[in-house]
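Working notes, structure below.
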Amino acid sequence: MSGVPTMRISTITIEDCLGCKKEHIKFPANDNVHLLLYKAGNQIRSGSLSTMAITPVVQAFKLMCSKEYATTASLQNLPQLQVGKGCVKMTLSLSHSNHSDVYLEDLDMGPSTSRQAFERQQLRLELENLKNSFERYEVSVVRRFDDVRTLDRVMIQINSGVWAEQTIIEFCDFFFVQPQDLPKVLVDAYKMNPTNWMKIIRGDTDSYSHFSEKGNPFETFAKLFHHEDYERNELLEQPASTCLFNREAIRLSERRFLLTVFDDVRKVFEYITCDEYSLYFFVPRLNCYTPLHGVNVNDFDLSNVRTIIKLTGDASALYWDHTDQNIMDILHVSFQLVLATLGTKTVIFLTHLEKVSKISAANFMNKMNVDNEYSTQWVCQRYLHRIIEVAQKLNIIVFIEFPFGLTLLPEPRNVIKCVEHYDTNTKSVFWNLSVHVPKNTERQIRNFSELMGFN
């Protein structure tokens, strides 16, 4: 898209905090999706509804790129952080161009004459020159925890210029959230829940089982778009007519936005699950006798949305909270990805996918035991691969925390290994971090099957 800035994370350094003495991680410049494979202890909260990051890498980025730990008081919610020592350093790269995107693969479609081939070659050269004309910015950011007076602030340097100080909230608003692209109702909801704006989806609970109504994980979210109708005779007719018209236009726009969210969530969810499951959002109509051709967005009751998940080939359909935990987690991931895209939120974190990992591994082992083959053609539940594919298409930075195990990724890609250790002498936890490129899937499966005795 023309004129859209691109942000990439370049490096992160964790010094004397978050269980790290000094760890420095460099990220690939051309990748917006970063996978962290972790091996941790029993302190992990179960379920994807927990917002606490597991690895020190994601904790560090939440300290820098989100408002979850923007205040001095909120730092107490991070057990691995000891106020009085340590710092986190981060570098970002920003590029911007006013030129329209042209993809090189689109230039070689079909046969061509010698003249057309020459023109294509010239265009390739021009595109290479355009790459060098991009505006590029390198941003260095430091947040220190050894000075109690500046716990809610960061120091920023752009292109080796002068260091400047900003609050975390100012920094995040400028670099990581663009609320002007969201409907006003979501902006207000975000301000009400600055530490965890996904709370508007989950309700006010920490567990799936405590939702007040069955089949509706988005009850609070949907009700943000539900407004009571105003009687015109309650208002002064002339002075209020323009105001009422504008309010109605905003309300209809919000409702269209919500229906777009539901449709996009359905598409993402069904793609991640390889179309094994179908997702339905039932939005009741206020007047069920209205002919279908006369229905518009004003006729839907958004305060009573129902969410149904159906296994392909199975006649039965279940409310979302009656399905397997891993499927509920994928639904939540789908919602996060869609909202991040529609709201142009620059960084998101996908965590607590333990159930997704376990189900994928168990399914693989069952298939391996039955089919007794090395081929990966029949391994269907590659949920992690599908999540990465969706995330790669978004112009946002995505961090995925995933347990150690069989990832079944189709090609080698950089991953960050995060291994937790316990020091019996100091009775403290510390982490070892390393960048790693796993073996390709075929070799990984062969080694795994030999280890398990599937010969």
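Under full-length UniProt numbering, think of the first position of the sequence shown as 1, with each following residue one higher. The beta carbon of each residue, even a glycine, is placed where N, CA and C say it ideally should be. Computed from a predicted model, the values in this text were never measured in an experiment.
Spatially closest choice to residue i from the options, by CA coordinates
i: Val265; options: Ile309, Glu254 and Asn304; result: Ile309
i: Gly86; options: Ala60, Cys65, Ser95 and Ser74; result: Ala60
i: residue 500; options: Tyr422, Thr6 and Ile416; result: The displayed coordinates of the chain run from 1 to 455. Any statement about residue 500 would go beyond what the structure contains.
i: Thr55; options: Leu78, Ser93, Ala73 and Thr150; result: Leu78
i: Arg143; options: Val88, Ile169 and Ala29; result: Val88
i: Ser95; options: Leu35, Leu81, Asp263 and Ile158; result: Ile158
i: Val437; options: Asp314, Thr424, Phe176 and Leu409; result: Leu409
i: Ile156; options: Ile272, Val141, Leu331 and Asp147; result: Val141
i: Thr307; options: Val33, Asn32, Val297 and Leu331; result: Leu331
i: Ile359; options: Val338, Leu384, Ser434 and Lys345; result: Leu384
i: Phe430; options: Ser74, Ile12 and Glu23; result: Glu23
i: Met52; options: Gln80, Lys39 and Val33; result: Gln80
i: Lys345; options: Phe176, Arg8, Gln76 and Ser74; result: Phe176
i: residue 464; options: Tyr280, Ser160 and Val347; result: The displayed coordinates of the chain run from 1 to 455. Any statement about residue 464 would go beyond what the structure contains.
i: Asp31; options: Ile12, Lys21 and Arg8; result: Arg8
Rounded C-alpha distance that separates residue i from residue j
i: Val261; j: Leu394; result: 15 Å
i: Cys274; j: Cys17; result: 40 Å
i: Ser10; j: His421; result: 27 Å
i: Ile388; j: Ile397; result: 11 Å
i: Leu259; j: Gln325; result: 25 Å
i: Asn304; j: Arg386; result: 31 Å
i: Glu135; j: Thr6; result: 10 Å
i: Leu353; j: Phe118; result: 51 Å
i: Lys26; j: Thr91; result: 10 Å
i: Gln392; j: Ser93; result: 18 Å
i: Ile272; j: Arg413; result: 19 Å
i: Phe174; j: Asp314; result: 48 Å
i: Tyr277; j: Ala317; result: 10 Å
i: Thr407; j: Leu35; result: 10 Å
i: Asp146; j: Gly343; result: 35 Å
i: Val58; j: Ala29; result: 18 Å
i: Val83; j: Val148; result: 7 Å
i: Asp423; j: Arg382; result: 36 Å
i: Met64; j: Cys418; result: 19 Å
i: Val297; j: Ala340; result: 23 Å
i: Tyr137; j: Ala164; result: 16 Å
i: Tyr69; j: Thr312; result: 42 Å
i: Val435; j: Ile14; result: 15 Å
i: Tyr208; j: Ser74; result: Confidence in Tyr208 is poor, its pLDDT being 41 and thus under 50, which makes the residue's placement too unreliable to answer from.
i: Gln76; j: Phe257; result: 37 Å
i: Leu49; j: Lys427; result: Only weak support is given to the placement of Leu49: the predicted model assigns it a pLDDT of 40, under 50, and the value that follows is read from those uncertain coordinates. Their Cα atoms are separated by approximately 29 Å.
i: Ser160; j: Lys21; result: 26 Å
i: Glu213; j: Asp329; result: In this predicted model, Glu213 has a pLDDT of only 49, less than 50, meaning its place in the structure is not dependable enough to derive any value.
i: Lys355; j: Leu433; result: 23 Å
Cβ shell of residue i (< 7 Å), same chain only, five flanking positions each side left out
i: Thr167; result: Asp152 and Arg153
i: Thr323; result: Ile309
i: Ser357; result: Phe402, Pro403 and Gly405
i: Thr72; result: Leu151 and Asp152
i: Ala40; result: Ile54 and Glu420
i: Gly19; result: Pro56, Gln80, Val429, Phe430 and Trp431
i: Val162; result: none
For residue i, the first and last residue of its enclosing alpha helix (DSSP H)
i: Tyr383; result: Tyr383 to Gln392
i: His332; result: Gln325 to Leu342
i: Leu63; result: Pro56 to Cys65
i: Phe27; result: Where Phe27 is concerned, there is no enclosing alpha helix (DSSP H), given that its DSSP letter is neither H nor E.
Contacting residues, own chain, Cβ-Cβ under 6 Å from residue i (five flanking each side not counted)
i: Leu350; result: Val333 and Ile400
i: Val139; result: Leu92 and Ile158
i: Ile327; result: none
i: Val33; result: Ile388, Ala391, Gln392 and Val398
i: Phe282; result: Arg306
i: Leu235; result: Note on Leu235: pLDDT 48, under 50, position unreliable in the model; no value is reported.
Cut-off 8 Å between Cβ atoms - residues of its own chain near residue i, not counting five sequence neighbours on either side
i: Lys267; result: none
i: Arg285; result: Val295, Asp299, Phe300 and Asp301
i: Val338; result: Val261, Asp264, Val265 and Val268
i: Arg255; result: Phe225, Val297, Asn298, Phe300 and Leu302
i: Glu270; result: Tyr277, Ser278 and Leu279
beta-carbon residue i near the ligand NAD non-hydrogen atom, thresh 7 Å
i: Ile388; result: With respect to small molecules bound, the structure shown includes none, and the ligand NAD cannot be examined in it.
Extent of the continuous beta strand (DSSP E) to which residue i belongs
i: Ile348; result: Val347 to Leu350
i: Phe175; result: First-last for Phe175: Ile168 to Phe175, but that is the alpha helix (DSSP H), not the beta strand (DSSP E).
i: Trp431; result: Ser428 to His436
i: Pro11; result: The sequence given here places Thr at residue 11; Pro does not occur at that position. First-last of the beta strand (DSSP E) with Thr11: Thr6 to Cys17.
i: Ser316; result: No beta strand (DSSP E) contains Ser316, which DSSP labels as neither H nor E.
i: Glu276; result: Per DSSP, Glu276 belongs to no beta strand (DSSP E) and is neither H nor E.
i: Arg149; result: Segment: none, Arg149 is in no beta strand (DSSP E) and carries neither H nor E.
i: Tyr137; result: Glu135 to Arg144
i: Lys39; result: Val33 to Lys39
i: Lys417; result: Val415 to Asp423
i: Ile400; result: Ile397 to Pro403
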